[in-house]
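**Q**
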Amino acid sequence: MLSSGKTLLIAFALVAEGGMAEQVLAQGAGNVTSSHGAHHHAQRSQARSAGHVQAKPRSAPDSKPLQAKAEEISVSVAATSRAAHNIDRETHELQKVPQASTRIDAKELRAEHITALPQATRLLPTVQLNISNPRNTAINIRGLGAAGTAATDGIEGGVAVYVDDVYRSRPGTALTDLPDMNGITVLRGPSGTEGGMVTTAGAISLTTAAPDLHTRHVYGEAGVGNFNYNRWNLGVTTPIIKDKLAIRLSGLGYGYDGWVKNLDGGGDTGGQTSRAFRAQVLAHPTDEISVRIIGDYSHLRENCCNPGLVKGSTTRSDGQAWFAGSLAQRSGWTGYTPYVGNGYTVDRNSTATAEQEDIGLSGHIDWHHNNFTLSSITAYRWWNWWPSNDGDLNGINAVTQGNAKVNQNQFTQEFRFSSSLGKLLDYRVGAFYMWQENRVYSDQAYGDQMAQWAGYGMPGGSSIATTAQANNALNGYNVRSYDQPTTNYYAAYANGTWHVHPKIDIVTGVRYNYAAKTGSFAQWQIRPSSYSSAVTPLSVAQTIWNTYGSNGTADYGAHVDNGFVTGQFVVNYKLTDNVIVYARYARGGKSGGLNLTSFNASQRTAGAVTPNVGKETDDAFEVGSKASLLDNRLLVSGALYQTNDHNYQVTATHEYQGALVSYLSSAPKVRVRGAEADIHYSPIVNLITSLSASYNDAQFLEYSTGAPPEVITTGAWSMNHTQVPFVPRWALSAAVQYSHSVGHAFRSSVDGYVGGSYNYNTRMNTSANNSSYGWVQAYGTLNLNFGFRDHSGRWDFQGFINNATDERRISQLSQGGGMSGNGAWYAYVTQPRSFGFIARANY
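Residue numbering for the sequence shown follows this note's numbering, beginning at 11 and increasing consecutively.
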């Protein structure tokens, strides 16, 4: 048996004789199945080359120059293997999964200083994250998941988000920062037969680093930047009993000031402060059992969620006067002049803040025995949300507060059993349970300008009371409500991969889902302490009070339960060891839910709204291919898909008593179709690139709702063959990182690096009814990073520039209604250019 050096020497001899060894090496390299196996494949190729060499030995005088060339080629082979390792193992493994997917690994997360899902979406073009505030957030994949940012306390999203295998149901809990986050994986298309929660659109999995059973690490970082940006991170992981027991403790914090000016003072809005802590224990008491326990706490405070007024229309599209309650009319009644700008300036005279706590405790136990694995994932979570909002969205003392405080408790339990039947079948069966309770406390408070703002005693307004009488009844008046949706969800599933042929796998899966949801809604009035019946007769005051809320007369209870079957069928064909093509059919679903909101009895009796929202199902078809090329340095995947969604759960609008109200409803038919591509390429050891692109045509095929405010119509407004809101037609993201040795410092080899990312979305409509005023125009964002680091990873000094071209754009438009002014449009805007520096150390 010849050594590797001699083999390469002989291979070069054949190159000199006509290139035969080069051809053999190329054939061997083309069959590499994974980065881990690249070295073994090279050895096999070299052995085959050696067999040819023995027939034509070289003479001694040629050996020295050939030896030099052999050393050169040895370096080249090692560099190729190391370049493949720039792409992490999980990303390589995804190339074997017959389902469209994207992954951001730990290196990319660190380069882009990403610690939470909202920051990561700039690298995930198929994921749409639309945030009014953490509670009012929509997470979509391929345009499905949640159509609108209305709160959905009684309904799960169509995109399941997991953190270390624990399901996070409320969108706010999916937005928290994660210390030690080391990967984000997105699976697109309905899922659920392999565990967790059933979905209609896909799943997002965030993972964090586990405790190290072998080595102690102490690490930390600190950062500063403009907008008073500050950042810190501290952590330690250490074995307690080597190879048996270890712990990891970590904390992360950052904050920055806002960038939206408030004309009423109180500082700029848009800033936030975040703190997150995690404590983990990892135990391997035996070679077969592993136990991981995680406790986490995070707190987020935002001076936020203040959209700026960008349009206040006075007439409809046909030139007719706007209906009652327009912003222009209300302003005329009070003499107040609203500030209309580009979204970067607001006029708010009430505090606008939001805080949330996210707390959890989970345990993951795996028992690996013979040819099976039995797993248990148990978690209990708390989520507390308390906002403070200016209810009229203007500098008027009309609705001084409009808040909905939420306390959520959630328990989940999952059991999984995985095994195989020889070489024929790999399978998993399991069961999943979730209990969840949301307690929602709402409060509307009215001030001393409410009477004028609402038009009492004003021309064109209400004549049931004079302005003075209405002010006596409304100044200090509160409407409070309480609702409590409770969910019990059960599921059992089975999934198997049948190896029917060395080149063909068939994946089958089935899941039964059952959900029972109960809830109630109660509302009551709190009269102003200053109210005087001598000024306003009680009967008149009661009529005014009832206009803005009931006093027990509209309370109701609701219940919905349903069971449904979901599943998948996949044919996966291996063209080569490195290339697969597949066809996938999947049926997904979401259970029905409860629409617990402040609609009065007449609205429910008239059928304007219903407390119950029906279940949603979809049928998804996908064909795709994945390839690992160039010694695993180039990973390419692409897919074509179409999803037909039935009873898509959407945010609907309805005009009632001159006000625009939003509620949850269903669109009978939605169709989504498109194409996607993902590329990871590491041409050389110190360069890695990625590119993701998607085209998504999401349309309502059958759906009617309330008309846009600029349109006059007496009937339902058809949305047939119009674009689903919050979905750009085209989306793109690209990233690159390059490093190079620059010398030595502090007795260390030092690398310099530079990189960045760019993301771009075409225009999209962010109104519930595709109003002509609701279009957000296309824009792209460039982010840059650069720095120096120790080659062995002990220290790192990084600079970054986010939004390097200073794009100041509208990211979302929100339609005004009621006391914020019918016909008004408010905009959320992007953060201007920000920059900073981060220093890291790891020992």
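C-beta: ideal position from N, C-alpha, C; glycine also.
Model, not experiment: these values are computed from the prediction.
Using only the alpha-carbon positions, how far apart do E626 and Y177 sit?
**A** Rounded to whole angstroms, the separation of the alpha carbons of Y177 and E626 is 20 Å.
**Q** Let's test the definition: count the other Cβ atoms within 10 Å of the Cβ of L920 and tell me whether it reaches 16, buried, or not, exposed.
**A** The question about residue 920 has no answer, for the chain in this structure spans 11 to 853.
**Q** Would you list the residues sitting across from L216 in a DSSP beta bridge?
**A** V173 and I194
**Q** Go to T159, then tell me how far its alpha helix (DSSP H) extends in each direction, as first and last residue.
**A** Run containing T159: none; DSSP gives neither H nor E here.
**Q** Which runs of the alpha helix (DSSP H), 4 residues or longer, sit entirely within the stretch 559-621?
**A** 611-615
**Q** According to DSSP, is R132 part of a helix, a strand, or is it coil?
**A** If DSSP states are grouped into helix, strand and coil, R132 belongs with the helices.
**Q** Looking only at its own chain, which residues have a Cβ that is under 7 Å from the Cβ of S111, when we skip the five neighbours before and after it?
**A** Residues L104, T195, V196, L197 and R198 of the same chain have their beta carbon placed closer than 7 Å to that of S111, with the five preceding and five following residues left out of the count.
**Q** Strictly by DSSP, which residues pair up with R302?
**A** Note: R302 sits in a beta bridge opposite L292 and H374.
**Q** Give me the Cα-Cα distance between A21 and H509, rounded to the nearest whole angstrom.
**A** Low per-residue confidence applies at A21: pLDDT is 38, beneath 50, and the placement is therefore not dependable, though the value from the model is reported in the following sentence. Using only the alpha carbons, I get a separation of about 38 Å.
**Q** What separation, rounded to the nearest whole angstrom, lies between the Cα atoms of I536 and Q366?
**A** If you draw a straight line from the Cα of I536 to the Cα of Q366, it is about 27 Å long.
**Q** Sort Y239, H731, I369 and N481 by Cα distance to G465 and report the nearest one.
**A** N481
**Q** Excluding sequence positions up to five away, which residues of its chain have a Cβ less than 6 Å from the Cβ of L650?
**A** V633 and A685
**Q** Apart from the five residues on each side of it in sequence, which residues of its chain come closer than 6 Å, Cβ to Cβ, to I257?
**A** P221 and V291
**Q** Mind checking which residues open and close the beta strand (DSSP E) that includes M444?
**A** Membership of M444 in the beta strand (DSSP E) is indicated by the continuous run L435 to Y456.
**Q** Residues bridged to F654 by DSSP?
**A** Just to set this straight, residue 654 is Asn in the shown sequence, not Phe. Bridge partners of N654: D629 and R681.
**Q** When you compare each of T247, S491 and G235 to R226 by their alpha carbons, which one comes out closest?
**A** T247
**Q** Which runs of the beta strand (DSSP E) spanning at least 3 residues fall entirely within the stretch 374-404, listed in chain order?
**A** 382-398
**Q** Sorted by chain position, which residues of the same chain lie with C-beta nearer than 7 Å to R368's C-beta, five sequence neighbours on each side aside?
**A** First, the residue type needs correcting, since residue 368 is Asp and not Arg in the sequence shown. If we look at D368 and ignore the five residues flanking it on each side, its Cβ neighbours are T183, T186, S308 and W393.
**Q** Can you list, in chain order, the residues of its chain whose CB lies under 6 Å from that of R288, leaving out five sequence neighbours each side?
**A** Taking C-beta separations shorter than 6 Å and ignoring five residues to either side along the sequence, the partners of R288 in its chain run P189, S260 and D306, following chain order.
**Q** Determine the burial state of D877: buried for a count of at least 16 other Cβ atoms within 10 Å of its Cβ, exposed for fewer.
**A** Absent from the model: residue 877. The displayed extent of the chain is 11 to 853, so no value can be given.
**Q** With distances taken Cα to Cα, identify the nearest neighbour of A475 among N654, N505, S635 and T557.
**A** T557
**Q** Relative to the C-alpha of V646, which residue among D628, T620 and D688 is closest?
**A** D688
**Q** For N150, which beta-bridge partners are listed by DSSP?
**A** Q138
**Q** Does the pairing of the stretch 777-785 with the stretch 796-815 give three or more beta-carbon distances under 8 Å?
**A** They do not touch, by the three-pair rule.
**Q** Counting pairs of beta carbons, one from the stretch 207-220 and one from the stretch 169-176, are three or more of them closer than 8 Å?
**A** The stretch 207-220, when compared against the stretch 169-176, does touch it at the 8 Å Cβ threshold.
**Q** Contact check, N238 vs D267 under 8 Å by CB: the rounded distance?
**A** 5 Å
**Q** If contact is defined by three or more beta carbon pairs under 8 Å, each pair taking one atom from either stretch, is the stretch 584-591 in contact with the stretch 484-504?
**A** no
**Q** Nearest to R857 by alpha carbon, out of H754, H378, G164 and S676?
**A** Nothing in the structure corresponds to residue 857, since the chain is present only between 11 and 853.
**Q** Using alpha carbons as the reference points, say which of D278, A501, E712 and T477 lies closest to T422.
**A** A501
**Q** Measuring straight from C-alpha to C-alpha, what distance separates T507 and S777?
**A** Computed Cα separation, rounded: 43 Å.
**Q** Quick check on the burial criterion: 16 or more other C-beta atoms within 10 angstroms. Buried or exposed for D816?
**A** exposed
**Q** Using three-state DSSP, classify P738 as helix, strand or coil.
**A** coil
**Q** If you check the beta carbons only, do I698 and S704 fall under 8 Å apart?
**A** no
**Q** Note down the Cα distance separating S560 from Y541, rounded to an integer number of angstroms.
**A** 18 Å
**Q** Quick check on this structure: which residue in D628, V489 and R241 has the alpha carbon closest to the alpha carbon of Q652?
**A** Taking only the C-alpha atoms, the option nearest Q652 is D628.
**Q** Which same chain residues, not among the five before or five after F631, have their C-beta less than 7 Å away from its C-beta?
**A** Y595, Y651 and Q652
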